[in-house]
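**Q** Going letter by letter, the sequence shown gives residues 7 to 189 in this note's numbering.
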Amino acid sequence: MLIAFLAILTGGLHLDGVADTFDGLFLWGGAERRLAVMRDPHIGSHGVSAIALVLLGKYAVLSDLNGPDRAMALLGAVTVSRTLILVSAGMACYARPQGTGRLMIEATTRRDALMSTLAVFALSGAVAGWTGLIASLGALSLAFTLTRLAAKRLGGITGDILGATVELGELTYLVMFAAFRAL
């Protein structure tokens, strides 16, 4: 129910970003073709697979955690993943002449990205200790890697990349949290 609630709360927008990101980034061709595929309203096999794996991954991790740990992990994952939007937006330019993510990406500076990163590390450390810090570092690494990959393959990032960063950041945080909490 938690996973469905999160998807409904965002209108599935971030999951759509996952699908479009995987359909576009893992397609053969140049940036123009990749961006066209990402804008296409139809979902491809990479997109379907990515959504399924993200949802199954979240289910597996949340099923493995007990009540208090589950709540702490979910709170951290949701908070950190939304902050990753600023991190990605501050690291790259917009890949298209227009689109839904353009305003956010163009308005976010590297300083915004750095300050939001420091704030999220402080919050994660205060709430979940070393486990929260390590999980945050994992999610931050994912955001950095995805942003760099998109910049290389698309010439920048899009709103879909930001949505995928949220979903994949949540999953990465949850996996890292569960793995280090078990130690």
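Where is the CB? At the ideal position from N, CA and C, for every residue including glycine.
1. For A185, which of L174, A141 and L120 has the nearest alpha-carbon?
2. So F127 is in the alpha helix (DSSP H); what residue range does that whole segment cover?
3. Taking the alpha-carbon positions, what's the T178 to P103 distance?
4. Would you kindly work out how many angstroms separate the C-alpha atoms of R117 and L124, rounded to a whole number?
5. Distance, Cα to Cα, C99 vs I163?
6. In the structure shown, what three-state DSSP assignment does I91 receive?
7. By Cβ distance, which residues of its chain are closer than 8 Å to R40, with the 5 residues on each side in sequence left out?
8. Specify the secondary structure class of I49 as computed by DSSP and reduced to three states.
9. Within this structure, are the beta carbons of V181 and G23 separated by less than 8 Å?
10. Would you call the segment 48 to 63 and the segment 142 to 153 touching, i.e. three or more CB-CB distances under 8 Å?
11. Can the beta-carbon of L120 be found less than 8 Å from the beta-carbon of G131?
12. If I follow the unbroken alpha helix (DSSP H) through T27, where does it start and stop?
13. Short of 8 Å in beta carbon distance, which residues of its chain neighbour T153, apart from the five on each side in sequence? Order them along the chain.
14. Under 8 Å between the Cβ atoms of G175 and T106?
15. Could you pull the start and end residues of the alpha helix (DSSP H) that A10 belongs to?
16. When we look at the beta-carbon of A77 and count the other beta-carbons within 10 Å, is it buried (16 or more) or exposed?
17. If you draw a straight line from the alpha carbon of L8 to that of G82, how long is it in whole angstroms?
**A** On the basis of the data shown:
1. Taking the first residue of the sequence shown as 1, we reach residue 185 at position 179. Of the candidates L174, A141 and L120, the one whose C-alpha sits nearest the C-alpha of A185 is A141.
2. Here residue 127 corresponds to residue number 121 of the sequence shown, with the count starting at 1. R116 to L160 is the span of the alpha helix (DSSP H), which, as asked, contains F127.
3. Taking the sequence shown and counting its residues from 1, one reaches residue 178 at position 172. Taking the sequence shown and counting its residues from 1, one reaches residue 103 at position 97. Taking the straight line from one Cα to the other gives about 31 Å.
4. Position 111 of the sequence shown, counted from the start, is the residue given in the question as residue 117. Position 118 of the sequence shown, counted from the start, is the residue given in the question as residue 124. It is roughly 11 Å from the alpha-carbon of R117 to the alpha-carbon of L124.
5. Reading the sequence shown from its first residue, position 93 is the one you call residue 99. Reading the sequence shown from its first residue, position 157 is the one you call residue 163. Going from the Cα of C99 to the Cα of I163 covers about 6 Å.
6. Locating residue 91 in the sequence shown gives position 85, where the first residue counts as 1. Helix, per DSSP.
7. Taking the first residue of the sequence shown as 1, we reach residue 40 at position 34. Closer than 8 Å at the Cβ level, and outside the excluded window around R40, lie G30, L31, L33, R159 and L160.
8. Numbered from its first residue, the sequence shown carries residue 49 at position 43. Residue state, collapsed to three classes: coil.
9. The sequence position of residue 181 within the sequence shown is 175, counting from 1. The sequence position of residue 23 within the sequence shown is 17, counting from 1. Not in contact: V181 and G23 (Cβ atoms no closer than 8 Å).
10. At 8 Å Cβ cutoff, the stretches do not touch.
11. Locating residue 120 in the sequence shown gives position 114, where the first residue counts as 1. Locating residue 131 in the sequence shown gives position 125, where the first residue counts as 1. At least 8 Å separates the beta-carbon of L120 from that of G131.
12. Numbered from 1 along the sequence shown, position 21 holds the residue referred to as residue 27. Bounds of the alpha helix (DSSP H) holding T27 are L19 to L31.
13. Counted from its first residue, the sequence shown places residue 153 at position 147. Same-chain partners within the cutoff: V93, S94, M97, A98, I163, I167 and T171.
14. Translated into the one-based positions of the sequence shown, residue 175 becomes position 169. Translated into the one-based positions of the sequence shown, residue 106 becomes position 100. Against a cut-off of 8 Å, the Cβ pair of T106 and G175 comes out as no contact.
15. Within the sequence shown, numbered from 1, the residue matching residue 10 stands at position 4. Where A10 is concerned, the enclosing alpha helix (DSSP H) stretches over L8 to L15.
16. As a working note, residue 77 is residue 71 in the sequence shown. Classification of A77: exposed, given that the 10 Å Cβ count is below 16.
17. What you label residue 8 is simply residue 2 of the sequence shown in a count that begins at 1. What you label residue 82 is simply residue 76 of the sequence shown in a count that begins at 1. For L8 and G82, the distance between alpha carbons rounds to 14 Å.
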